[in-house]
């Protein structure tokens with residue numbers, strides 16, 4: 001009986017259904033959910049397109065269509081908005097750069113302009129603001145550093161100060177928060193560890209202390225939570241796993257149990273992945289679920305880079321050639 | 001969608017959703033038009049209020065409101081009442097947005113922006129926060145906002161510490177409150193505030209966290225706080241010197257080539273360059289080691305201005321291991337064959353930890369170097385890991401260095417620390433059926449071993465090893481964590497006494513009786529206790545479960561390393577070997593290199609991925625595609641000076657790769673056991 005085979009018990013990735021779900025979601029622009037998310041369509045495009053690439057289906061979208069819309073989101077300042085008509089912000093500038101990197105289309109950018117926008121958001125203390133309105137958060141430090149590294153323009157900022165600021169957000173549990181003194185959170189840890197990885201500064205991380213905190217995010221169901229005593233959520237399959245990989249402590253969790261948790265969160269009928277089993281799916285969790293499976297070396301999913309959040313082949317192509 | 005059940009919607013629900021969407025779409029369109037045309041009339045601003053009530057995440061609408069506020073403020077003369085009315089309106093919009101979505105970044109930032117204008121009542125914010133934080137006590141936005149407001153009000157850290165008392169008192173499981181407590185307390189301890197001395201305060205904190213851990217053993221909130229307290233108890237801030245090579249009182253042979261066997265009882269170091277490494281190992285990363293802070297008194301010529309280098313990543317000037325190369329061959333004839341070298345560490349202030357603490361006090365050690373100028377050419381024969389080994393000569397002096405450079409020498413207040421750990425051990429023995437009980441007990445026993453005098457060491461290691469074995473069964477999800485900790489404890493045990501260690505030591509006849517340490521077949525998954533192994537020249541770690549060489553960078557004398565039959569997955573995992581300038585022989589056969597798509601040491605290895613500088617060489621110009629494909633091997637191997645390399649039994653070891661290796665390491669003499677045609 002097939003039900004006794006281990007692959008059936010483990011569940012399987014319904015890759016084709018996820019691809020269809022992503023392509024369909026783009027067409028359902030008039031549902032309430034998509035109108036509410038209208039302002040972050042650039043993030044949505046990055047999540048969807050990266051997932052397609054990880055599943056080797058990037059060819060099913062029209063590059064020209066995406067790129068011409070994407071360029072309507074760029075402002076005079078060089079920054080990108082979450083959608084046409086919205087204000088520019090680093091959150092969407094990184095997504096735009098990542099999408100262009102996926103398509104190997106970075107050459108259409110005025111790199112000087114984009115990098116000046118990002119570099120211009122660095123503050124005196126080394127931190128970064130998200131936009132002209134001055135919200136400071138280590139998320140923006142990561143975004144700026146990741147974006148400038150992809151554009152090979154890290155020399156436009158004071159990297160040493162940027163690193164010092166991130167280190168000042170390190171907590172006594174080994175994790176990182178969004179500003180000095182703020183509580184550790186797996187998403188924030190990804191940002192800080194990622195920024196330190198990209199700048200070759202991981203020696204600032206207490207890998208054993210942080211590794212233990214991160215591996216204790218795995219709960220009985222196999223899923224990962226983002227902070228102690230919280231519910232598991234598929235998105236932490238990315239935040240926690242990528243951080244554990246960057247500090248070489250990913251062997252401390254039970255990978256098979258996590259694979260099962262992610263697969264249990266799939267909508268087997270209509271495609272898409274949700275935060276927890278039987279919740280409503282969305283593109284954000286679909287991306288993090290598939291990216292998590294990639295980090296778990298699930299067969300048929302391309303390898304993703306844990307720091308740049310882009311497929312390894314894309315990042316190697318950009319950074320490992322002179 | 002976070003926390004929303006998956007279900008198929010009924011037609012009427014879909015219709016309702018579509019109607020809602022259409023309404024929101026109209027609002028958005030109108031709002032965009034106002035924003036783009038810079039219309040800040042009451043009607044236009046009210047429209048943005050409506051939009052934000054439905055969708056607090058619409059960040060452009062918050063930006064628009066800031067522009068509108070600035071526009072209004074620029075139109076009125078400084079009338080404080082009017083300003084307050086304008087800003088209060090914003091605060092109330094934020095409040096209702098937060099009721100809709102308590103996690104809206106845009107709403108919280110808008111509130112901060114308004115408060116920063118300085119016209120609002122901060123007391124009111126504290127009242128609001130108290131209310132919010134009761135409703136959602138783990139909301140990190142609210143805690144961050146609280147820290148922001150506290151700073152504005154100059155409320156004392158002592159008062160905030162009391163607030164965490166209350167929050168923890170009403171719910172032991174509030175990790176956010178424990179976190180904030182650790183931040184406040186470490187500030188108060190650091191500035192030695194009245195009543196906040198570690199020896200008085202830390203024991204009280206142990207009491208507090210016991211009540212949490214013993215109430216619910218499975219609740220993690222107290223675990224991490226306890227671990228932090230333990231760290232505060234064990235680790236003194238003042239950096240100390242742990243070990244050195246050569247060690248105090250030792251005698252070493254120095255030569256430029258092979259010697260006769262008659263010198264076998266001393267460690268012989270030979271190098272064509274005519275210099276030997278002087279290694280300092282500190283208990284924590286320090287900076288400022290230089291010829292000013294470390295002085296050398298010796299008749300060996302040409303060592304007046306020694307260059308000290310941190311054994312760490314290129315962009316870091318901090319390291320627990322520092323090395324300088326002392327010359328022992330100079331153009332001048334040697335008048336004496338025996339030299340005494342006196343090293344004084346911390347001679348003048350300047351050696352500082354990353355936390356800004358100064359090295360305790362100066363420390364001096366002396367060793368004797370015998371310089372031999374008999375040269376017989378360098379070694380080109382293949383190094384065997386099976387034949388040519390003699391057992392260890394127990395009279396050797398190298399192991400005398402195993403005694404720590406005496407922590408109590410630093411005159412720290414060790415008494416309360418030892419007492420605190422002893423009390424914790426008694427307490428946690430009562431909890432030793434649970435995961436956290438066993439784990440904490442194991443950690444406490446390790447801490448005791450670190451902090452105690454050497455005499456009592458060795459006793460507890462077997463108990464620690466048993467605890468980790470139990471944990472592997474009890475909590476199998478974290479099997480590898482316990483396995484790693486087990487390896488660390490095992491290596492501490494092996495290096496804890498001369499008797500234990502000498503069982504693993506041998507001498508390799510063919511290479512000046514090199515000191516060989518065999519730690520093979522011990523099921524080790526990680527490396528530890530390296531501070532005590534600085535004198536080792538050949539290291540056999542074969543048949544273990546290592547996946548990285550992290551830690552070996554301190555072993556500056558290492559010339560031969562056997563890592564065959566381990567779990568190395570990529571060359572990036574060998575990054576630490578780049579610091580080993582003497583390394584000539586490397587065996588990584590029968591590992592997992594090339595099998596995996598995920599490289600867990602990709603970012604722990606200096607490469608363009610982590611923006612380290614690199615210069616294009618011949619190989620990079622000729623075969624850029626191979627450099628991209630085998631980047632990890634390329635960047636690591638080209639920094640090594642290998643003569644022998646064995647990579648058989650790895651998925652990567654195909655012909656294309658082997659010929660690439662020969663290009664990257666042109667000086668290689670032996671590859672996979674075969675002598676290369678020169």
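Residue numbers (the UniProt record's numbering), protein chains in the order written: chain Y, 1 to 322; chain R, 1 to 678.
Ideal placement from N, C-alpha and C gives every residue a C-beta, glycine not left out.
Can you give the beta carbon distance from residue 57 of chain R to residue 104 of chain R, rounded, assuming they're within the 8 Å contact cut? 6 Å
Chain Y contacts made by the stretch 96-110 of chain R, where a contact means CB separation under 8 Å: 105 and 109
Are three or more beta carbon pairs between the stretch 237-254 of chain Y and the stretch 213-227 of chain Y nearer than 8 Å? yes
Cβ of residue 576 of chain R within 8 Å of any chain Y Cβ: Not an interface residue.
For my contact list, residue 101 of chain Y and residue 42 of chain Y are in at a C-beta cut-off of 8 Å; report their separation, rounded to the angstrom. About 14 Å; that fails the 8 Å criterion.
Between residue 668 of chain R and residue 570 of chain R, what straight-line distance do the alpha-carbon atoms span, to the nearest angstrom? 20 Å
Quick check on the DSSP output: what are the complete alpha helix (DSSP H) runs of length 4 or more inside the stretch 548-634 of chain R, in order along the chain? 618-622 and 624-629
Check residue 325 of chain R in the structure and name its three-state DSSP category. Here residue 325 of chain R sits in strand by DSSP.
Look up residue 679 of chain R in the DSSP assignment and say whether it is helix, strand or coil. The structure shown does not extend to residue 679 of chain R, since chain R spans only 1 to 678, so no value can be given for it.
With H, G and I counted as helix, E and B as strand and the rest as coil, what does DSSP make of residue 174 of chain Y? coil
For residue 269 of chain R and chain Y, any beta-carbon pair shorter than 8 Å? Chain Y contact via Cβ: absent.
With distance defined between alpha-carbon atoms, name the residue in R:157, R:202 and R:204 nearest to residue 183 of chain R. Cα-wise, what sits closest to residue 183 of chain R is R:157.
Could you tell me the distance, in whole angstroms, from the CA atom of residue 280 of chain Y to the CA atom of residue 34 of chain Y? 14 Å
Hey, could you find the ends of the alpha helix (DSSP H) residue 259 of chain Y is sitting in? 255-264
Which two residues bound the contiguous alpha helix (DSSP H) that contains residue 169 of chain R? 157-170
Using a C-beta cutoff of 8 Å, does residue 71 of chain Y count as contacting chain R? Cβ-Cβ to chain R under 8 Å: no for residue 71 of chain Y.
Between the Cα of residue 279 of chain R and the Cα atoms of R:556, R:586 and R:671, which residue gives the shortest distance? R:556
Strictly below 8 Å CB to CB, what residues from chain Y border residue 24 of chain R? 32, 35 and 36
Using only the alpha-carbon positions, how far apart do residue 31 of chain Y and residue 25 of chain R sit? 10 Å
From Y:271, Y:282 and Y:217, pick the residue whose C-alpha is nearest to that of residue 255 of chain Y; which is it? Y:217
When you compare only the Cα positions, how much space is there between residue 128 of chain Y and residue 140 of chain Y? 6 Å
Pairwise C-alpha distance: residue 49 of chain Y and residue 191 of chain R: 51 Å
Assuming contact is defined by CB atoms lying nearer than 8 Å, are residue 196 of chain Y and residue 166 of chain Y in contact in what I supplied? yes
With 16 as the cutoff for other CB atoms within 10 Å, does residue 408 of chain R come out buried or exposed? Reliability of the predicted coordinates at residue 408 of chain R is poor, the pLDDT of 47 falling under 50, and the value obtained from them is presented with this limitation in mind. Looking at its Cβ environment, which holds fewer than 16 other Cβ atoms inside 10 Å, residue 408 of chain R is exposed.
Tell me which residues share the same chain as residue 115 of chain R and place their Cβ nearer than 8 Å to its Cβ, disregarding the 5 neighbours each side in the sequence. Within its own chain, the residues whose Cβ lies closer than 8 Å to the Cβ of residue 115 of chain R, once the five positions on either side in sequence are excluded, are 122, 125, 148, 149 and 152, listed in chain order.
By Cβ distance, which residues of its chain are closer than 8 Å to residue 531 of chain R, with the 5 residues on each side in sequence left out? 242, 243, 281 and 554
For the beta strand (DSSP E) holding residue 285 of chain R, just list the boundary residues, first then last. 275-287
Please list, in chain order, the chain R residues whose beta carbon lies closer than 9 Å to that of residue 246 of chain Y. 600, 602, 603 and 604
Note down, in chain order, every chain Y residue with its Cβ under 9 Å from the Cβ of residue 57 of chain R. Listed by position along chain Y, the residues whose Cβ is nearer than 9 Å to that of residue 57 of chain R are 36, 37, 39 and 40.
Pick helix, strand or coil for residue 535 of chain R, following the three-state DSSP scheme. coil
Can you check whether the CB of residue 584 of chain R is closer than 8 Å to the CB of residue 644 of chain R? yes
Measure from the C-beta of residue 609 of chain R to each C-beta in chain Y and report whether the shortest distance is under 8 Å. At least one C-beta of chain Y is nearer than 8 Å to the C-beta of residue 609 of chain R.
Using the rule of at least 16 other Cβ atoms within 10 Å of the residue's Cβ for burial, across every protein chain shown, is residue 138 of chain Y buried or exposed? buried
Is residue 178 of chain R helix, strand or coil by DSSP? If DSSP states are grouped into helix, strand and coil, residue 178 of chain R belongs with the helices.
Interfacial residues, the stretch 312-332 of chain R to chain Y, with Cβ spacing under 9 Å: 312, 313, 314, 315, 316, 318 and 319
Once you ignore the five residues that flank residue 153 of chain Y on each side, which residues in its own chain have a CB closer than 6 Å to its CB? 115
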